[in-house]
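Colleague:
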Amino acid sequence: MKVKKFINQPENLIEEMLEGFVIANQNKVKRLETERVLVRKDAPVTGKVGIVTGGGSGHKPAFIGYIGRGLVDAVAVGDIFAAPPVQRVYEAIKAADAGKGVLLCLGNYSGDVMNFGMAQELAQSEGIEVESVIVNDDVASSPKERMDNRRGVAGEVILWKVAGALAEEGADLKKIKEVGERAVFNTRSMGVAHTPCILPTTGKPSFQIGEEEMEIGVGHHGEPGIKRTKMMSADEVTELLTRQVLEDLPFQRGDEVTVLVNGLGSTSLLEMYICFRKVAQILSDYGIKIHRTYMGEFFTSLEMGGFSVTLTKMDEELKRLIDAPCDGIHFVQH
Amino acid sequence: MSQSISIEKVKYALHKVVENLEKNRQYLNDLDSPIGDSDHGESVCNAFHKIQEIVDKFPEEKRDIGELLQAVGKSIVLSGGAAMGPLYGTAFMDAGKAVLGKEELTPADLVQMWEAFAGGIKRRGQVELGDKTMYDTIYPSFLALQKAYEEGKSLKEMLREAIEGAQEGMESTKDLVSKRGRSSRLGERSRGHIDPGAASSYFIIEAFFGSLIDN
């Protein structure tokens with residue numbers, strides 16, 4: 006496949022993207038001079054626990070699009086699909102800390118876990134209170150008995166929303182960690198892709214797939230899922246994903262859920278609404294009520310073709326936090 | 021060939037490691053394509069990118085090989101990123117710690133250093149032999165080095181056997197099912213492919229020990 010991308014030198018793409026991002030959003034965000042870390046303009050915010058996240062680049066609007074009031078304070082920006090180094094995460098922690106401590110939110114990838122973990126130890130050794138919540142919502146990535154091996158995917162958006170809202174309310178670090186972990190525990194996701202993204206650094210597709218095939222349970226770096234099948238209709242594939250997500254928690258009749266249908270990069274909103282329609286039908290059949298719906302591109306894999314379905318079981322506290330207003334760069338809620 | 025290793029030789033060997041990784045960058049990306057996300061060459065080259073500078077700036081008057089290796093490890097940990105930064109960085113830091121204060125490495129020091137290097141990978145990655153990781157290259161290379169030492173072989177033979185052990189270890193990952201990292205989610209589908217981390221470890225060992233033989 007010929008690589009068609011609007012970039013300059015591949016080795017400069019992250020820097021050039023960040024340069025544009027900071028100018029475009031200069032009322033909301035600033036960049037640390039010493040490290041590739043973006044920070045909420047008014048951080049550290051007095052009286053508030055800092056929320057820090059980060060990971061590899063290529064997931065726009067994640068991670069930096071979630072910087073803002075009611076969401077994330079600082080982001081350590083990695084290279085394409087590669088965890089940010091320890092020093093960078095450490096600088097993000099320092100930039101977000103207003104003396105009430107910092108919560109690290111990260112996906113369950115060995116690179117992220119090691120770099121964030123070592124940065125956490127480094128910051129703690131200097132007297133900063135730091136806790137972390139690791140997202141592992143992808144049901145296709147490992148069986149339920151080995152949940153600690155599951156990848157974190159679009160469910161991380163739910164964590165940012167909930168933890169960010171609670172931090173904005175002035176809650177302490179212990180409380181935010183506890184609620185954040187509950188939100189993660191109540192969240193399940195699964196994705197599908199029919200077309201890989203092309204890595205701009207190497208010019209290679211993130212995985213190989215036949216013209217008429219799709220990968221069920223794909224990860225958002227193009228990691229293989231649980232099976233490869235012929236293309237299915239929107240209803241068929243949505244049913245497959247949704248049932249697997251429902252059965253995993255398991256969600257039950259009478260539950261209330263937040264639904265997140267997330268485009269992985271090049272799947273149209275038109276298609277996603279068709280798929281969401283099927284999610285809503287299935288939930289209705291199960292007697293599960295939709296509390297709130299998020300539709301669109303929340304956590305992509307460059308221009309991968311596909312989507313994911315995320316469900317979070319709500320309780321009263323989570324409902325309040327999900328409904329709270331936020332003012333992120335690419336995630337605004339009134 | 022001398023039966024001990026000077027700090028100059030270690031510096032030279034570290035440069036050769038970076039060179040060898042750069043040379044194999046695309047190959048490592050390609051190995052990573054079927055079981056990962058095609059960027060292992062990028063990650064590992066990024067992680068090692070700064071060490072040439074660290075080596076070159078290490079003061080001439082300082083002779084402590086342990087200190088040099090620790091400085092290299094710290095740089096890789098702090099600025100390496102991906103999974104490679106913490107893993108290789110910890111390995112170099114632990115290796116440095118094991119030979120701290122040494123201005124020359126004897127064959128016994130080398131064995132001790134390499135045991136610590138392997139231990140660093142195991143500790144940071146929480147891996148076991150057979151998990152289909154870099155440890156499957158590094159640990160067998162340590163075993164081969166130790167065995168050659170215990171059999172009283174020359175330093176040259178020790179190094180050569182350590183490289184052979186690494187190569188066999190790397191090749192053994194082809195038939196393994198991954199238990200760690202991104203590829204572990206593939207289960208059986210990871211079989212049939214050499215682990216990219218095991219391969220980068222081989223290139224590090226090939227260059228590091230290889231340059232000590234030649235030099």
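So the sequence lines, in the order shown, correspond to chains R and F.
Using my numbering, the first residue of the first sequence is number 6, and each one after it goes up by one.
Using my numbering, the first residue of the second sequence is number 21, and each one after it goes up by one.
Note that the Cβ used here is the ideal one computed from N, Cα and C, for glycine as well.
Since the model is a prediction, treat every value here as computed from it, not as a measurement.
For the candidate residues S174(F), N66(F), R83(F), whose alpha-carbon lies nearest to that of I96(F)?
Modeller: Along the second sequence, read from residue 1 onward, the residue named residue 96(F) stands at position 76. Here the closest residue by C-alpha is N66(F).
Colleague: What are the residues in the segment 66 to 94 of chain R lying within 8 Å of chain F by C-beta distance?
Modeller: G83, D84, I85, F86, A87, A88, P89, P90, V91, Q92, R93
Colleague: Measure from the alpha carbon of E261(R) to the alpha carbon of each residue in Q213(R), K294(R), E218(R), L254(R), then state which is nearest.
Modeller: As a working note, residue 261(R) is residue 256 in the first sequence. With distances taken between Cα atoms, E261(R) lies closest to K294(R).
Colleague: Could you check where the beta strand (DSSP E) with E252(R) kicks off and where it finishes?
Modeller: Here residue 252(R) is taken as the residue at index 247 of the first sequence, counted from 1. Taken as a continuous stretch (DSSP letters only), E252(R) belongs to no beta strand (DSSP E), being part of the alpha helix (DSSP H) at 239 to 253.
Colleague: Look up Y114(R) in the DSSP assignment and say whether it is helix, strand or coil.
Modeller: Start at 1 with the first residue of the first sequence, and residue 114(R) comes out as number 109. Three-state DSSP puts Y114(R) in coil, outside helix and strand.
Colleague: For Y159(F) versus V131(F), is the C-beta distance shorter than 7 Å?
Modeller: Residue numbering aside, residue 159(F) sits at position 139 when the second sequence is read from its first letter. Residue numbering aside, residue 131(F) sits at position 111 when the second sequence is read from its first letter. Result no, Cβ atoms of Y159(F) and V131(F) do not sit closer than 7 Å.
Colleague: Exposed or buried, what is G224(R) when buried is set at 16 or more other beta-carbons lying within 10 Å of its beta-carbon?
Modeller: In the first sequence, the residue the question calls residue 224(R) occupies position 219. When all chains shown are included, G224(R) counts as buried.
Colleague: Could you name the residues of the same chain whose beta carbon sits closer than 8 Å to that of V82(R), not counting the 5 residues immediately before and after it, in chain order?
Modeller: Taking the first residue of the first sequence as position 1, residue 82(R) is located at position 77. The answer, listed in chain order, is I19, L23, R41, V42, L43, G59, S62, F68, I69, P89, R93.
Colleague: Against chain F, which members of the segment 186 to 217 of chain R pass a CB distance test of less than 7 Å?
Modeller: Correct list: L204, T206, T207, K209, S211.
Colleague: Say whether the segment 209 to 229 of chain R touches the segment 304 to 311 of chain R, bearing in mind that this needs 3 or more beta-carbon pairs closer than 8 Å, one atom from each stretch.
Modeller: yes
Colleague: Could you name the residues of chain R that S198(F) contacts, counting a contact when the two beta carbons are closer than 9 Å?
Modeller: Within the second sequence, the letter at position 178 stands for residue 198(F). Contact of S198(F) with chain R by beta-carbon distance below 9 Å is absent, the smallest such distance being about 11 Å.
Colleague: Please identify, using Cβ separations under 7 Å, the residues of the segment 92 to 106 of chain F that lie next to chain R, in order along the chain.
Modeller: V97, L98, S99, G100, G101, A102, A103, G105, P106
Colleague: Please report the distance separating the alpha-carbon of L164(R) from that of K149(R).
Modeller: Taking the first residue of the first sequence as position 1, residue 164(R) is located at position 159. Taking the first residue of the first sequence as position 1, residue 149(R) is located at position 144. Spanning the two alpha carbons is a distance of roughly 20 Å.
Colleague: Along chain R, which residues have their Cβ under 9 Å away from the Cβ of N49(F)?
Modeller: Mapped onto the second sequence, residue 49(F) falls at position 29. Under the 9 Å cutoff, chain R gives L204, T206, T207, K209.
Colleague: Could you check the C-alpha separation between I55(F) and E208(F) for me, to the nearest Å?
Modeller: If you number the second sequence from 1, residue 55(F) lands on position 35. If you number the second sequence from 1, residue 208(F) lands on position 188. Cα to Cα, I55(F) sits roughly 11 Å from E208(F).
Colleague: For the alpha helix (DSSP H) containing E226(F), name the first residue and the last one.
Modeller: Position 206 of the second sequence, counted from the first residue, corresponds to residue 226(F). Boundaries of the alpha helix (DSSP H) harbouring E226(F): 216 to 234, taken from the DSSP string.
Colleague: Would you call the segment 111 to 122 of chain R in contact with the segment 118 to 129 of chain F, where contact means no fewer than 3 C-beta pairs closer than 8 Å?
Modeller: no
Colleague: Within the continuous alpha helix (DSSP H) that includes D129(F), where are the two ends?
Modeller: By one-based count along the second sequence, residue 129(F) stands at place 109. Start and end: 127 to 145.
Colleague: Going along the chain, which residues of its own chain have a beta-carbon closer than 6 Å to the beta-carbon of I203(R), five neighbours each way excluded?
Modeller: In the first sequence, residue 203(R) corresponds to position 198, counting from 1. Closer than 6 Å at Cβ, skipping near neighbours: V8, P210.
Colleague: Would A111(F) and G140(F) qualify as a contact pair, given that the criterion is a beta-carbon distance under 7 Å?
Modeller: For the purposes of this step, residue 111(F) is taken as the residue at position 91 of the second sequence. For the purposes of this step, residue 140(F) is taken as the residue at position 120 of the second sequence. A111(F) is a Cβ neighbour of G140(F), given a cutoff of 7 Å.
Colleague: Can you tell me where the alpha helix (DSSP H) with T157(F) in it begins and where it stops?
Modeller: Here the question's residue 157(F) lines up with position 137 in the second sequence. Taken as a continuous stretch (DSSP letters only), the alpha helix (DSSP H) holding T157(F) covers 155 to 170.
Colleague: Using 10 angstroms around the beta-carbon of Q166(F), count the other beta-carbons present and answer buried if the total reaches 16, otherwise exposed.
Modeller: Position 146 of the second sequence, counting from 1, holds the residue named residue 166(F). With 16 or more Cβ atoms within 10 Å of its Cβ, Q166(F) is classed as buried.
Colleague: With a CB to CB cut of under 6 Å and the five nearest residues on each side skipped, what residues in its chain are close to E123(F)?
Modeller: Sequence index remark: in the second sequence, residue 123(F) carries index 103 (1-based). Excluding residues within five positions, the ones whose Cβ falls inside 6 Å are R83.
Colleague: Assuming N267(R) contacts F212(R) (C-beta within less than 8 Å), just tell me the rounded distance between them.
Modeller: Residue mapping note: residue 267(R) aligns to position 262 of the first sequence, counting from 1. Residue mapping note: residue 212(R) aligns to position 207 of the first sequence, counting from 1. With a Cβ gap of about 19 Å, N267(R) and F212(R) do not count as contacting.
Colleague: On the three-state DSSP scale, how would you describe G175(R)?
Modeller: Locating residue 175(R) in the first sequence gives position 170, counting from the first residue. Residue state, collapsed to three classes: coil.
Colleague: Just checking my contact of V57(R) with V138(R) at CB under 8 Å: how many whole Å lie between their CB atoms?
Modeller: For the purposes of this step, residue 57(R) is taken as the residue at position 52 of the first sequence. For the purposes of this step, residue 138(R) is taken as the residue at position 133 of the first sequence. About 11 Å; that fails the 8 Å criterion.
Colleague: Closer than 8 Å between beta carbons: that is the criterion. Which residues of the segment 101 to 120 of chain R meet it against chain F?
Modeller: Y114, S115, G116, M119, N120
Colleague: Identify every residue that forms a DSSP beta bridge with S62(R).
Modeller: Here the question's residue 62(R) lines up with position 57 in the first sequence. S62(R) is bridged by DSSP to I85(R).
Colleague: Which residue marks the beginning of the beta strand (DSSP E) containing M195(R), and which one marks its end?
Modeller: As a position in the first sequence, residue 195(R) is number 190, starting the count at 1. From DSSP, the beta strand (DSSP E) with M195(R) extends over 192 to 200.
Colleague: Give me the chain R residues within the contact set of G217(F), using Cβ-Cβ distance strictly less than 8 Å, ordered along the chain.
Modeller: To locate residue 217(F), count along the second sequence from 1; it is residue 197. Under the 8 Å cutoff, chain R gives no residues; its nearest Cβ is about 10 Å from G217(F).
Colleague: Measuring alpha carbon to alpha carbon, tell me which of M133(F), P106(F), R45(F) ends up nearest T206(R).
Modeller: The sequence position of residue 206(R) within the first sequence is 201, counting from 1. The shortest Cα separation from T206(R) among M133(F), P106(F), R45(F) belongs to R45(F).
Colleague: If you draw a straight line from the C-alpha of A164(F) to the C-alpha of M21(F), how long is it?
Modeller: The residue given as residue 164(F) occupies position 144 in the second sequence. The residue given as residue 21(F) occupies position 1 in the second sequence. So the alpha carbons of these two residues sit roughly 20 Å apart.
Colleague: In the DSSP assignment, find the unbroken beta strand (DSSP E) run with M113(F) in it and report its ends.
Modeller: The residue you call residue 113(F) lines up with position 93 of the second sequence. It is not in any beta strand (DSSP E) - M113(F) instead sits in the alpha helix (DSSP H) that spans 104 to 118.
Colleague: Of the choices K182(R), S271(R), L37(R), H296(R), whose alpha-carbon is the least far from that of H199(R)?
Modeller: The count along the first sequence starts at 1 and reaches residue 199(R) at position 194. H199(R) has its Cα closest to that of S271(R), out of K182(R), S271(R), L37(R), H296(R).
Colleague: Is M113(F) closer than 7 Å to S221(F) when the C-beta atoms are compared?
Modeller: Here residue 221(F) refers to the residue found at position 201 of the second sequence. Here residue 113(F) refers to the residue found at position 93 of the second sequence. Result no, Cβ atoms of S221(F) and M113(F) do not sit closer than 7 Å.
Colleague: Figure out for me which residue from D143(R), E276(R), A159(R) has the closest Cα to the Cα of G153(R).
Modeller: One-based indexing of the first sequence puts residue 153(R) at position 148. In the sequence as presented, Gly is not what sits at residue 153(R); that position holds Asp. The residue with the shortest Cα to Cα distance from D153(R) is D143(R).
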